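In my numbering, the protein residues as written are 4 to 378. Cβ coordinates follow ideal geometry from the N, Cα and C atoms, glycine included. Predicted model only: the values in this text are computed from it and were never measured. Take a look at the structure below.
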C-alpha cells in the first residue's frame, strides 16, 4: 500500500509538471501568433517578408514540438509500465499470491489513469502546434505572393517597404514556397489520418472524450488542408504568370531581331564584290541562327500552351477533387470549404485560359515569322 501511495504521489507530481509545461507552451504559442499577425500587417501596410515571419514562429514551434515529444514519451512509458505490471500481477495470481497481485494491479491502474489524464494535455499541445504552423505557412505564402506580385508589376511597383525582387528570384522563391506548402499539406494529411485512427482506438477502449478530441483535430486538419491546397494553387498561378512574362519578353525580343534580319535580307543587293560576298555569307549564317532561335521558341510556346491548358483543366476539377471524409461533420465541412474554393478555382482557370490565348497568339506570330525567313 505504501509503495502504491508513493507511486500515485510521484505520478501526480509528474502530471502537475506536465500541465505547467503545457500551459507555458500554450502561452508561448499565443504570443507567437500575436506577433505573427502584427508583423504580417506591418507598420506601413507592407508586411514583413516570409523569412522574418518564419523566424518569429520558430521558437514557439520548436518548444511545442519538444514538449509534445516529451509528453508522448512519458505517456508511452506509463502505458508500457502498466502493461508490465499487469503481466506481473497475472504471474502472482498464478502463484496464488493475492497481495502482490493486488498491489501490481493498483499500480497498473494508477499508471493507466495518469496516461489517460495526459491525453488532453497532449492533444492541446498538438492543437497549438497546428495553429502556429498553419498560420505561419499561410502568412509566409501571402508575403511571398505579395512580394512576387511586385516583381511581376516591375521595379517594385506598389511595393511600399518591400524590397525589389528580380523575376528570376521571384520564380525561385515561389517554387520554394510551393515545395514547403506541399510538405505542409502532406503533414496535415498524415496528422488527420493518425488522429482518425487514434479516435477509433480510443472509442473502442471506452475513452469517449479522448476520441472526440482526436476527431476534432482531424477535422481541423482537413479544413486547413483544403486552405493549404488553395494556397498552393495561388502560388502555382503566380509562378506561371511570372514564367510566362519572362518567356513572352524573350519571344518578343527574338521576333524583333527576326524582323530586322528579314528587313536586311530584303534590301536591294549591292554589286558583287569580295566584301559584299563575304557580307552575304555572314548574313546567311545570321539568318540560320535566327531561324533556329525561332524554332526553339516555337517548342517552348507549344509546351507552355499545353501546360496552361492542363492547369486550367485542373482548376475546373479542383472543387470536386479528393476523397470524401468518412465522418459526416467532416464531410459537410469539406463541402462548404469546396464551395468557397470553387469561385477562386474558376478565377484561376479563367486566368490560365487568358494566358493560354496570349501564348497561342505569340506562337502564331513566331510561326508566321519563321515562314517568312524560310521563304
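- Counting the other Cβ atoms within 10 Å of the Cβ of residue 77 gives 16 or more, which makes it buried.
- Segment contact: the segment 259-267 against the segment 196-203, fewer than three CB-CB distances shorter than 8 Å; contact not assigned.
- Within a 10 Å sphere around the beta-carbon of residue 246 sit 16 or more other beta-carbons, which makes this residue buried.
- The residues 35, 38, 39, 42, in chain order, have a CB closer than 7 Å to that of residue 59 in the same chain once the five nearest residues on each side in sequence are set aside.
- Residue 99 carries a coil assignment under DSSP once its states are collapsed to helix, strand and coil.
- Excluding sequence positions up to five before and after residue 100, its CB lies less than 6 Å from no other CB in the same chain.
- Around the beta carbon of residue 215, fewer than 16 other beta carbons lie within 10 angstroms, which makes this residue exposed.
- Minimum Cα-Cα distance from residue 115 among the listed residues 134, 89, 96 corresponds to 89.
- In the structure shown, residue 93 adopts helical secondary structure according to DSSP, grouped into three states.
- Nearest to residue 370 by alpha-carbon distance, out of 68, 194, 296, is 296.
- Considering only 179, 54, 85, 223, the residue with the shortest C-alpha distance to residue 139 is 54.
- Three or more Cβ pairs closer than 8 Å define a contact, and the segment 182-196 meets that threshold against the segment 224-238.
- Residue 234 sits away from residue 143, with the two beta carbons spaced by 7 Å or more.
- Look at residue 51 here: in three-state DSSP terms it is coil, with no helix or strand label.
- Secondary structure of residue 209 (DSSP, three-state): coil.
- When DSSP states are grouped into helix, strand and coil, residue 169 belongs to the coil group.
- Here residue 64 has 132, 135, 136 as same chain residues with Cβ atoms under 7 Å from its own Cβ, once five neighbours each way along the sequence are excluded.
- In this structure, 73 is the residue among 33, 73, 44 with its C-alpha nearest to the C-alpha of residue 21.
- For residue 367, the closest of 69, 349, 298, 310 by C-alpha to C-alpha distance is 298.
- With a cutoff of 7 Å on beta-carbon distance, residue 79 and residue 148 are scored as not near each other.
- Minimum Cα-Cα distance from residue 292 among the listed residues 118, 365, 302, 373 corresponds to 373.
- Residue burial annotation: residue 23 is exposed, with fewer than 16 other C-beta atoms found within 10 angstroms of its C-beta.
- For residue 96, same chain residues with a beta-carbon under 6 Å away, outside a window of 5 residues either side, are 104 in chain order.
- When the five nearest sequence neighbours on each side are left out, the beta carbons in the same chain lying within less than 7 Å of the beta carbon of residue 151 are those of 168, 173, 176, 177, 241, 245, in order along the chain.
- Taking 7 Å as the cut-off, the Cβ atoms of residue 198 and residue 221 count as close.
- Between residue 70 and residue 25, the beta carbon gap of about 7 Å places them in contact (Cβ cut-off 8 Å).
- About 18 Å separates the CB atoms of residue 118 and residue 91; that is not less than 8 Å, and the two are not in contact.
- A residue is called buried once 16 or more other Cβ atoms fall within 10 Å of its Cβ, and residue 108 is buried on that count.
- The beta carbon of residue 66 is closer than 6 Å to those of 28, 31 in its chain, skipping five residues each way along the sequence.
- Scanning its chain for C-beta atoms nearer than 6 Å, with the 5 sequence neighbours on each side dropped, one finds around residue 111 the residues 85, 88, 89, in chain order.
- A distance below 6 Å between beta-carbons, with the five flanking residues on each side excluded, links residue 362 to the following residues of its chain, in chain order: 304, 307, 308.
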